[in-house]
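Enquirer:
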Amino acid sequence: MLGLMQDIPLLISSLIVHADRHHGDVEIVSRRVEGDIHRTTYRELHSRAKRLANALDALGIGMSDRVATLAWNGYRHVELYYGVAGKGAVLHTINPRLPADQVAWITQHAEDTLLFFDLTFLPIIEKIAAQCTTVKAFVAMTDAAHMPATTGIANLMCYEDLIAAQDDRYEWPAFDERVASSMCYTSGTTGNPKGVLYSHRSTLLHTFAVAMPDGLSVSAKEAILPVVPMFHVNAWGIPYAAAMAGAKLVFPGPALDGKSLHELIEAEKVTLSAGVPTVWQGLLGHMEQHDLRFSTMRRTIVGGAALPPAMLRTFEERYGVTALHAWGMTEMSPIGTACATRAKHAACDREALFAVKGKQGRAVFGVDMKIVDQAGTELPWDGIAFGDLLVRGPWIVNEYFRGEGGNPLVTDASGLTWFPTGDVATIDADGYMQITDRSKDVIKSGGEWISSIDIENVAMSHPAVAMSACIGVAHPKWDERPLLVVVKKPGKEVTRDELLRHYEGKVAKWQVPDDVAFVDAIPMGATGKMLKNKLREQFREHRLPGA
9 MLGLMQDIPL
19 LISSLIVHAD
29 RHHGDVEIVS
39 RRVEGDIHRT
49 TYRELHSRAK
59 RLANALDALG
69 IGMSDRVATL
79 AWNGYRHVEL
89 YYGVAGKGAV
99 LHTINPRLPA
109 DQVAWITQHA
119 EDTLLFFDLT
129 FLPIIEKIAA
139 QCTTVKAFVA
149 MTDAAHMPAT
159 TGIANLMCYE
169 DLIAAQDDRY
179 EWPAFDERVA
189 SSMCYTSGTT
199 GNPKGVLYSH
209 RSTLLHTFAV
219 AMPDGLSVSA
229 KEAILPVVPM
239 FHVNAWGIPY
249 AAAMAGAKLV
259 FPGPALDGKS
269 LHELIEAEKV
279 TLSAGVPTVW
289 QGLLGHMEQH
299 DLRFSTMRRT
309 IVGGAALPPA
319 MLRTFEERYG
329 VTALHAWGMT
339 EMSPIGTACA
349 TRAKHAACDR
359 EALFAVKGKQ
369 GRAVFGVDMK
379 IVDQAGTELP
389 WDGIAFGDLL
399 VRGPWIVNEY
409 FRGEGGNPLV
419 TDASGLTWFP
429 TGDVATIDAD
439 GYMQITDRSK
449 DVIKSGGEWI
459 SSIDIENVAM
469 SHPAVAMSAC
479 IGVAHPKWDE
489 RPLLVVVKKP
499 GKEVTRDELL
509 RHYEGKVAKW
519 QVPDDVAFVD
529 AIPMGATGKM
539 LKNKLREQFR
549 EHRLPGA
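Numbers given in my numbering equal positions in the sequence shown, counted from 1, plus 8.
#1: Which residues in the same chain have their Cβ closer than 6 Å to the Cβ of K542, if we skip the five residues on either side of it in sequence?
#2: Are L78 and F129 close, meaning C-beta to C-beta below 7 Å?
#3: Compare the C-alpha of L122 against each of Y167, R105 and G344 and name the closest.
#4: State buried or exposed for F373, treating a residue as buried only when at least 16 other CB atoms are found within 10 Å of its CB.
#5: So which of T434, D438, A482 and G266 has the shortest CA-CA distance to A351?
#6: Taking 7 Å as the threshold (C-beta atoms), are I232 and A250 in contact?
#7: Rounded to whole angstroms, what is the Cα-Cα separation between A355 and A346?
#8: Looking only at its own chain, which residues have a Cβ that is under 8 Å from the Cβ of V329, when we skip the five neighbours before and after it?
#9: Measure the alpha-carbon distance for C478 versus D126 and round it to whole angstroms.
#10: Tell me the DSSP secondary structure of H333 in three-state form.
#11: Use the C-beta contact count for F526: other C-beta atoms within 10 angstroms, 16 or more gives buried, fewer gives exposed.
#12: Below 7 Å between beta carbons: does that hold for G266 and A228?
#13: Can you round the beta-carbon distance between L552 and D522 to whole angstroms, since I take them to be within the 8 Å contact cut?
#14: Closest to P490 by CA distance: which of G401, F547, L417 and S422 is it?
#15: Can you say whether S2 is buried or exposed, counting buried as having 16 or more other CB atoms within 10 angstroms of its CB?
#16: Using 8 Å as the cut-off, can you tell me whether the region 261-279 makes contact with the region 179-198, which would need three or more C-beta pairs spanning the two stretches below that distance?
#17: Would you list the residues sitting across from E599 in a DSSP beta bridge?
#18: Which residue's Cα is closest to the Cα of Y206: P342, T49, I451 and L67?
#19: Give the DSSP-derived three-state secondary structure of D15 in the structure shown.
#20: Which runs of the beta strand (DSSP E) at least 3 residues long sit entirely within the region 451-483? Give them in chain order.
#21: In the DSSP output, which residue or residues are listed as bridge partners for A188?
#22: Measuring alpha carbon to alpha carbon, tell me which residue in K496, G160 and P471 is nearest P317.
#23: How about K367 and Q442: do their beta carbons lie closer than 7 Å?
#24: Is M340 near I435, with beta carbons less than 7 Å apart?
#25: Should the region 95-111 be called in touch with the region 60-79, which here means at least 3 C-beta pairs below 8 Å?
#26: Which runs of the beta strand (DSSP E) at least 3 residues long sit entirely within the region 47-82? Give them in chain order.
#27: Spatial neighbours of Y50 within its chain, please: C-beta separation below 8 Å, excluding the five flanking residues on both sides.
#28: For G283 versus V235, is the C-beta spacing smaller than 7 Å?
#29: Under DSSP, the beta strand (DSSP E) around I161 begins and ends at which residues?
#30: Can you tell which of V92, F394 and L507 has its C-alpha closest to the C-alpha of A188?
#31: Which residues share a DSSP beta bridge with Q442?
#32: Helix, strand or coil, according to DSSP, for H100 in the structure here?
#33: For E488, list the residues DSSP reports as bridge partners.
#34: Can you check which of these residues, Y440, I379, P285 and T535, is closest to A474 by C-alpha distance?
#35: Would the region 410-420 count as touching the region 457-468 if we require 3 or more Cβ pairs under 8 Å?
Okay, structure coming up:
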């Protein structure tokens, strides 16, 4: 017997229809590439998204055709989020921080039909346009007054002219909720990037999870500043969750420096922000230098990498902001866990509470996870055993676009299929997961594993350290030993011996790094993560003391 409920497909268009109908007057504020602050509402966003859908129809963009973007966080990008997916095409957000040849390769692999771009990225378009043979037209996301005077791009169009030529009479089509809605390519350091193809169903289910109180707790009371890019895993689903809940959205555009972010947070009374640790490092540095505070912001979501405990404490103890860890991957849409505390934690002392908040958190409903040893045997949830982290769920990848990279899943003894995340983790008795390392970054010393993240966190607690990375370096006796790579804060000094003494009593003696290397900068990837593979190559010949 089947239930007797209405069978209405879960479609992205339903989010913007709901936002228009129930909180159409809520503001969406954007710092534009043109330099000014732009204000609109969910009602106007819906109107312009429908104009865009009509324009795409006029250009012959059909069901499941891929439409690419190279764009910052802003209202025009959100219009594409809804206008493209809403009509049944696939929004393909491309990371503009990737090398130009990789952007061209991704565009060809996806067979993109149109490419919308912010003016910042005109040099990339000029460089790759001729290689993008499937792209029918390039659309500059600006108005006629700011159109570039370039002759190097065939079929260049103006975004505002494009939608101004259409009206907003448009009926969003109904179709199978499993139809593809959007696409994001991984930024792996080896091999070709791989396309992760999300569906309307997976996106809507993910949106519910993001908005839940023990997810990212998105509500109509919030004014949200997503610093996490819209070109990377749909800005962690925040543009969808905000429309569902009726939260004010504040977009930073290209201005991601500490000064610009703080000014925008204060001017727009932001209550919740989201981004990677490197962004918050710049913001906190600016605030410390100028003795600034937050007047409205109370929470920030941290993902992409763990926030060092010292920064977590700074947010909470100095600025009154709760830093909430969340964890996930491109292949997971991306949210898998969020570190909301439980009722029992109200009785914890401060140190015990910080220990919980330092973890990546509990799985949100819809995500199942486990840790396994090298033989695939599940390990206990005791907070001690660590192993390879596997996940499964309705918004987790089943296979990559066009089969790139082969089958990513593994099958366990009971026949269930799981996605191997590449992370090494522990899970405690309350279900809180903590990443101890990437499987490729863990340091294997004399048969024992050393967590590079633990070593980095100790270094980051030193007042003279701006950034740190720990890598394994070859050792004739122990196979590998940890090398600490450090960037010092401007105007601060610290020696190798001082840093190594800083580890006393904080880690086991055999885990203390053998050496320290000071550098001007640590190489960062396109999504704000440290490129430890480049560091390993840079220090491949490094000779450790006594080795």
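For every residue, glycine included, the Cβ atom is placed at its ideal position computed from N, Cα and C. Please read these numbers as outputs of a predicted model, since none were measured by experiment.
Expert: Considering the structure as presented:
#1: Within the sequence shown, residue 542 is the residue found at index 534, counting from 1. Answer for K542: P531, listed in chain order.
#2: Position 70 of the sequence shown, counted from the first residue, corresponds to residue 78. Position 121 of the sequence shown, counted from the first residue, corresponds to residue 129. Yes. Within cutoff.
#3: As a working note, residue 122 is residue 114 in the sequence shown. That would be Y167, whose Cα lies nearest to the Cα of L122.
#4: For the purposes of this step, residue 373 is taken as residue 365 along the sequence shown, with counting starting at 1. Per the 10 Å Cβ criterion, exposed.
#5: As a working note, residue 351 is residue 343 in the sequence shown. Considering only alpha carbons, the answer is D438.
#6: Numbered from 1 along the sequence shown, position 242 holds the residue referred to as residue 250. Numbered from 1 along the sequence shown, position 224 holds the residue referred to as residue 232. Result yes, Cβ atoms of A250 and I232 sit closer than 7 Å.
#7: Walking along the sequence shown from the start, residue 355 turns up at place 347. Walking along the sequence shown from the start, residue 346 turns up at place 338. Their Cα atoms are separated by approximately 20 Å.
#8: As a position in the sequence shown, residue 329 is number 321, starting the count at 1. Correct list, in chain order: F302, M305, R306, R307, T308 and F323.
#9: On the sequence shown, residue 478 is found 470 positions in, with the first residue counted as 1. On the sequence shown, residue 126 is found 118 positions in, with the first residue counted as 1. Using only the alpha carbons, I get a separation of about 36 Å.
#10: The sequence position of residue 333 within the sequence shown is 325, counting from 1. Reduced to three states, the DSSP call for H333 is strand.
#11: Residue numbering aside, residue 526 sits at position 518 when the sequence shown is read from its first letter. It is exposed - the Cβ of F526 has fewer than 16 other Cβ atoms within 10 Å.
#12: Sequence index remark: in the sequence shown, residue 266 carries index 258 (1-based). Sequence index remark: in the sequence shown, residue 228 carries index 220 (1-based). Contact: no.
#13: Indexing the sequence shown from 1 puts residue 552 at position 544. Indexing the sequence shown from 1 puts residue 522 at position 514. Indeed, because the Cβ distance is near 4 Å, the residues count as touching under 8 Å.
#14: Translated into the one-based positions of the sequence shown, residue 490 becomes position 482. Closest by alpha carbon: F547.
#15: Nothing can be reported for residue 2, as the shown portion of the chain is limited to 9 through 555.
#16: no
#17: One cannot answer for residue 599 here, as it falls past the ends of the chain, which runs 9 to 555.
#18: In the sequence shown, residue 206 corresponds to position 198, counting from 1. Nearest of P342, T49, I451 and L67 to Y206, Cα basis: P342.
#19: Taking the sequence shown and counting its residues from 1, one reaches residue 15 at position 7. Coil.
#20: 451-453, 456-458 and 473-483
#21: The residue given as residue 188 occupies position 180 in the sequence shown. Per DSSP, S207.
#22: For the purposes of this step, residue 317 is identified with residue 309 of the sequence shown, where counting begins at 1. For the residues K496, G160 and P471, the minimum Cα distance to P317 belongs to P471.
#23: Position 359 of the sequence shown, counted from the first residue, corresponds to residue 367. Position 434 of the sequence shown, counted from the first residue, corresponds to residue 442. Yes, these two residues count as a Cβ contact at 7 Å.
#24: Counting from 1 along the sequence shown, the entry for residue 340 is found at position 332. Counting from 1 along the sequence shown, the entry for residue 435 is found at position 427. For M340 and I435, no; Cβs fall outside 7 Å.
#25: Taking a cut-off of 8 Å on C-beta distances, the region 95-111 touches the region 60-79, as three or more cross pairs fall below it.
#26: 74-78
#27: Position 42 of the sequence shown, counted from the start, is the residue given in the question as residue 50. Taken in chain order, the residues that qualify are I24, A27, D28, H31, G32, D33, V34, I36, A251 and G254.
#28: In the sequence shown, the residue the question calls residue 283 occupies position 275. In the sequence shown, the residue the question calls residue 235 occupies position 227. Taking 7 Å as the Cβ cut-off, G283 and V235 qualify as a contacting pair.
#29: For this step, residue 161 is matched to residue 153 along the sequence shown. Note, I161: premise wrong, no beta strand (DSSP E); not H, not E.
#30: As a first step, residue 188 must be located in the sequence shown, where it is residue number 180. Comparing Cα positions, the closest option is V92.
#31: Taking the first residue of the sequence shown as position 1, residue 442 is located at position 434. In DSSP, Q442 forms a bridge with T434.
#32: As a working mapping, residue 100 is identified with position 92 in the sequence shown. H100 falls in the strand class under three-state DSSP.
#33: Numbered from its first residue, the sequence shown carries residue 488 at position 480. E488 pairs with A482.
#34: Position 466 of the sequence shown, counted from the first residue, corresponds to residue 474. Per the Cα distances, P285.
#35: no
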